[in-house]
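To start, the structure itself, in structure tokens.
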Amino acid sequence: MSGNLNCNAKNCMHNTYGMCTSNNIHIQGTNAHSKEYTNCGSFEEKGLKHTLSNVHNYNIGGVVDNRFTNSAYSNSSSIQCEASRCRYNINGSCTSGDVNINGPGAISNNRTDCESFML
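Below you can see the structure in the form of structure tokens.
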């Protein structure tokens with residue numbers, strides 16, 4: 085993915101100032117027919133335990149690059165997508181230019197969804 089990736093799941097360890105810093109993002113929802121039936125499988129609740137066990141999935145280069153710009157986070161992360169009915173899913177990869185993950189009060193991935201999902 086080479087577009088913008090925004091996230092409002094404030095309790096996710098990958099959320100840094102509203103941007104996702106995960107290297108590998110996994111959107112779940114195989115049989116989803118609307119965004120409410122998708123979720124971010126990469127969501128990990130903030131905390132030392134999750135931070136240490138997921139340090140390998142942190143896109144530090146993107147975070148550093150973003151600190152020098154004032155725009156949305158331009159992401160080079162890979163986004164795997166199981167939502168087979170989504171128009172942006174091509175062979176299990178997301179092709180949307182702008183991805184927005186929703187989950188402002190989430191404490192697990194079940195409370196997140198992909199706002200960019202479209203039939």
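Counting from 1, position 20 in the sequence shown corresponds to residue 104 in the working numbering; the numbering is continuous, with no gaps.
The beta carbon of each residue, even a glycine, is placed where N, CA and C say it ideally should be.
Item	Value
With 16 other Cβ atoms within 10 Å as the buried cut-off, status of tyrosine 157	No answer about tyrosine 157 holds up, because its pLDDT of 47 lies below 50 and its placement is not dependable.
Rounded distance between the beta-carbons of threonine 100 and cysteine 198, thought under 8 Å	No, cysteine 198 and threonine 100 are not in contact; Cβ-Cβ is about 19 Å, not under 8 Å.
Cβ-Cβ distance between alanine 116 and glycine 187 below 8 Å	no
Selected residue, minimal CA-CA separation from leucine 203, among Gly113, Ser106 and Cys104	Gly113
8 Å Cβ cutoff met for cysteine 96 and lysine 119	no
Burial state of isoleucine 185, where buried means 16 or more other Cβ atoms lie within 10 Å	buried
Assigned secondary structure, asparagine 193 (DSSP; H/G/I helix, E/B strand, else coil)	helix
Sequence-distant residues of the same chain with beta carbon closer than 6 Å to tyrosine 172, five excluded per side	Cys178, Thr179 and Ser180
Sequence-distant residues of its chain with Cβ nearer than 7 Å to serine 168 (five each side left out)	Thr114
Secondary structure of tyrosine 157, DSSP reduced to three states	Because the pLDDT of tyrosine 157 is 47, which lies under 50, any placement of that residue in the model is unreliable, and the number read from its coordinates should be weighed accordingly. Tyrosine 157: coil per DSSP, three-state reduction.
Same chain only: Cβ atoms within 7 Å of cysteine 91, ignoring 5 sequence neighbours per side	Asn99, Gly102, Met103, Cys104 and Ile185
Euclidean distance between Cα positions of serine 161 and asparagine 107	5 Å
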